[in-house]
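Inspection log for the structure reproduced underneath, given as structure tokens.
There are 2 protein chains.
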Amino acid sequence: MRIILDGMGGDNAPREIVKGAAEISSLIDHEICIVGDEERIKSLLAEFEHDAKRISILHAPDVIGNEDSPVKAVRRKKDSSLVKGMEAVKNGEGDLFISAGNSGAIMSGGVFLLGRIRGIDRPAIGSTYPILGEGGASLLIDSGANAECKPQNLLQFAVMGSIYAKLVLEKRNPSVGLVNMGTEPGKGSAMVKDAFELLERSRNGKANINFIGNVEARDVPIGICDVIVCDGFIGNVILKMTEGVALSISHLIRRKFSEGVLAKAGAALLYNKLGELKKAFDYTEYGGAPILGVKGAAVKLHGSSSAKAVRNGIARAIPFMEHNVVATIENAMAGL
Amino acid sequence: MRIILDGMGGDNAPREIVKGAAEISSLIDHEICIVGDEERIKSLLAEFEHDAKRISILHAPDVIGNEDSPVKAVRRKKDSSLVKGMEAVKNGEGDLFISAGNSGAIMSGGVFLLGRIRGIDRPAIGSTYPILGEGGASLLIDSGANAECKPQNLLQFAVMGSIYAKLVLEKRNPSVGLVNMGTEPGKGSAMVKDAFELLERSRNGKANINFIGNVEARDVPIGICDVIVCDGFIGNVILKMTEGVALSISHLIRRKFSEGVLAKAGAALLYNKLGELKKAFDYTEYGGAPILGVKGAAVKLHGSSSAKAVRNGIARAIPFMEHNVVATIENAMAGL
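Heads up: the protein sequence lines correspond to chains A and B, in order. According to our numbering, the first sequence is numbered sequentially starting from 51. According to our numbering, the second sequence is numbered sequentially starting from 51.
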């Protein structure tokens, strides 16, 4: 199969993107097509060891930057790496699109270029939410695409999230929880109460969702369920709070552990363990965020992705492409 | 002045509540009136050293539990410690009400017994959000009372929060931020966009708010602003995520630091520092949550408050009562 990689998107593009692709090229069974400025990518590729049979370039002279308005840019910048890359997936020249570029533009590109799956009103961004130190992960959906949602959007997120969790995260019968202010039914805003009812009714219906009810934000980090359903505003707050609290705590640890001779000696003995802690917080380990609900597999990587993040992002996105997640969602929605 | 303490509310009532009151009685210049079952409180008081001149008891034979429906309980359980305590504040027999009981009932009691301040459509719960390891704190408002809000509610939260931050948290010109999905104007749901406009316009108006714009959840833990404004659903997610992430990380640290001889030796050397870390996470250090927007000072303590939490809760609530926060909010609203 063929992975289409946006060579120009992200804070460290094209260098780190190309480097990540080069590094993984000899380790996977798929071809990587890097979209972007042909000359620059060619000269960067020459710098890094790679499997030349597995890497090709699709020339795109233009770039969509973070300052570009997503909808306008996708409509006007026809020669951008993002538009050319997504069109390659649409035309069957590629099976997966990956980009560390403008998130809004990737989402808009998904909707306008690939098109929405029939029955999905609002495509969403899923995020792999790691369970600290456990190695496992939940899928958080929507993690920021839709600031405002209706109950049926959340039901659709639950259906798509369950399929993704099953096929990509390898959860046998993915449990689905609705983020709420308390676990009892009847909690929350009118929208969330209605979504609860809808999910509750759909549990044994055609949607076939393993809905476990409301979950509190407190239990998200311990992996209380496999699919965490919420609107994109709440999803954004969950991701950002995780990042902010972890960062504050790690700063505090660093400060405390360098106060005085005893602490420094202790920290020296814990050197490896502190490294493991740091690794547990490292977003580059967890791969990208799938765009779900559009007619093509697309993955958004963190804007500041390093070569390592690109490498992991590609590796972790392969099951999304190999296991026909998009077709499975299309079939599920057709059956509802 | 006179503090009215709900002796029967909370998971550890009445024992820990009475113990906390006894412990602080000789350290403060105010009287504490414990409301609840007179016989039980009397016999508990006999167990703990206390300043008898500073502690009195107001008999209330009934209790509102966590399983009680807040609105019904407040209307029907006239002899409960919560209702009797709030009525004492309403009638001027007390200047501050503190309870670790049913949060919904404390909120309902505030609205139905004390009454809303003129101009405040929705009273809110503020939470002192500690800046990890810094000793400082922000005020998060609303932290869970109102699952659904209108833009003018958020403006009112900003006004009340600014007054509280100034008079209780001692911030000179409290900065106010609106929780949003990004810092740029134009982000978020329709409600949040409208709230942004309203806050922006009010900045130099009569409300006199030091509005700094949108803030991201990521920056809440570092104390990006003094007053964090959001609806109660988002506020609940912010508080619960803080608790959940901190708990997950502290479990991970404990596990990592007990793996192997080296790690154990390192952890032994860091014993004091780990204790300080633990203290930084400890909710009992930060006092209670003020109910703002009602005609009386009321504070909600954590349901599982220990004597130490009760002690700190009382100590930290004193400026709320001494500095006339309620009257200041009334005057500010009258001027708008």
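Think of the CB as a built atom: it goes at the ideal place given N, C-alpha and C, for glycine as much as any other residue.
Think of a sphere of 9 angstroms around the beta carbon of leucine 77(B): no beta carbon from chain A falls inside it, the nearest being about 29 angstroms out. Within chain B, the residues whose beta carbon sits less than 9 angstroms from that of alanine 313(A) are Leu319, Leu320, Asn322, Lys323, listed in sequence order. DSSP, reduced to helix, strand and coil, places isoleucine 181(B) outside both helices and strands of the structure shown, so it counts as coil.
Those residues of the segment 273-295 of chain B placed with their C-beta closer than 7 angstroms to a C-beta in chain A are Phe283, Ile284, Asn286, Val287, Ile288, Lys290, Met291, Thr292, Glu293, Gly294, Val295, ordered along the chain. If the five residues before and after lysine 350(A) are omitted, its C-beta is found closer than 6 angstroms to the C-beta atoms of Ser153, Ile156, Gly338, Ala339, all from its own chain and listed in chain order. Between glycine 186(B) and tyrosine 214(B), the beta carbon gap of about 15 angstroms keeps them out of contact (Cβ cut-off 8 angstroms). DSSP places leucine 77(A) outside both helix and strand once states are collapsed to three, so it counts as coil.
Check the Cα spacing between proline 201(A) and each of Pro224(A), Val229(A), Ile181(A), Ile379(A): the tightest is with Val229(A).
Taking the CA atoms as reference points, glutamate 88(A) sits about 26 angstroms from phenylalanine 162(A). No Cβ-Cβ contact shorter than 7 angstroms links isoleucine 91(B) with isoleucine 78(B). Taking 7 angstroms as the threshold, the shortest C-beta distance from proline 180(B) to chain A does not fall below it. Within chain A, the C-beta atoms nearer than 7 angstroms to that of phenylalanine 307(B) come from Leu320, Lys323, in chain order. Residue contact with chain A for leucine 228(B): absent (no Cβ-Cβ distance below 7 angstroms to any residue of chain A). Here arginine 52(B) really is in contact with cysteine 83(B); their C-beta atoms are around 6 angstroms apart, less than 8 angstroms.
Judged by their CB atoms, phenylalanine 283(A) and alanine 174(A) are not nearer to each other than the 7 angstroms cut-off. Residue ranges of uninterrupted beta strand (DSSP E) with 3 or more members, entirely inside the segment 227-284 of chain A and ordered along the chain, are 260-266, 277-279. Taking a 10 Å sphere around the C-beta of glutamate 234(B), we find fewer than 16 other C-beta atoms and assign the residue as exposed.
In terms of beta-carbon proximity, glycine 316(B) lines the interface with chain A, with at least one pair separated by less than 7 angstroms. The segment 302-322 of chain B and the segment 287-296 of chain A do not touch, with fewer than 3 CB-CB distances between them shorter than 8 angstroms. By the criterion of a C-beta distance shorter than 7 angstroms, serine 75(A) is surrounded in its chain by Ile82, His100, Asp101, Arg104, Ile105, once the five residues flanking it on both sides are discounted. For arginine 268(A), at least one C-beta of chain B is nearer than 7 angstroms to its own C-beta.
Nearest to glycine 343(A) by alpha-carbon distance, out of Lys329(A), Pro224(A), Leu205(A), is Leu205(A). By the CB criterion at 7 angstroms, valine 218(A) and phenylalanine 98(A) fall outside the cutoff.
Counting along the chain, proline 369(A) sits inside the alpha helix (DSSP H) bounded by residues 357-372.
Residues of the segment 226-255 of chain A with a C-beta atom less than 8 angstroms from some C-beta of chain B are Val229, Met231, Lys237, Gly238, Ser239, Ala240, Val242, listed in chain order.
The beta carbon of leucine 386(A) sits closer than 8 angstroms to the beta carbons of Gly169, Val209, Lys256, Ala257 from its chain, once the five residues preceding and following it are set aside; these are given in chain order. Taking a Cβ-Cβ cut-off of 7 angstroms, the neighbours of alanine 197(B) in chain A comprise Met231, Gly238, Ser239, given in sequence order. Buried is the label assigned to serine 158(A), since at least 16 other Cβ atoms lie within 10 Å of its Cβ. Under the DSSP definition of a beta bridge, aspartate 56(B) partners with Val85(B). Here DSSP, grouped into helix, strand and coil, assigns proline 340(A) to strand.
The secondary-structure analysis by DSSP pairs histidine 109(B) across a beta bridge with Gly86(B).
Beta-bridge annotation (DSSP): valine 349(A) is paired with Ile148(A), Pro340(A). Closest option to alanine 245(A), judged by alpha-carbon separation, among Asn203(A), Asn62(A), Arg222(A), Pro271(A): Asn203(A). For serine 188(A), the enclosing beta strand (DSSP E) has its first and last residue at 187-191. In chain order, Lys306 make up the part of chain A whose C-beta sits under 7 angstroms from the C-beta of glutamate 326(B). Taking a Cβ-Cβ threshold of 7 angstroms, the residues of chain A close to serine 298(B) are Leu182, Pro271, Ile272, in chain order.
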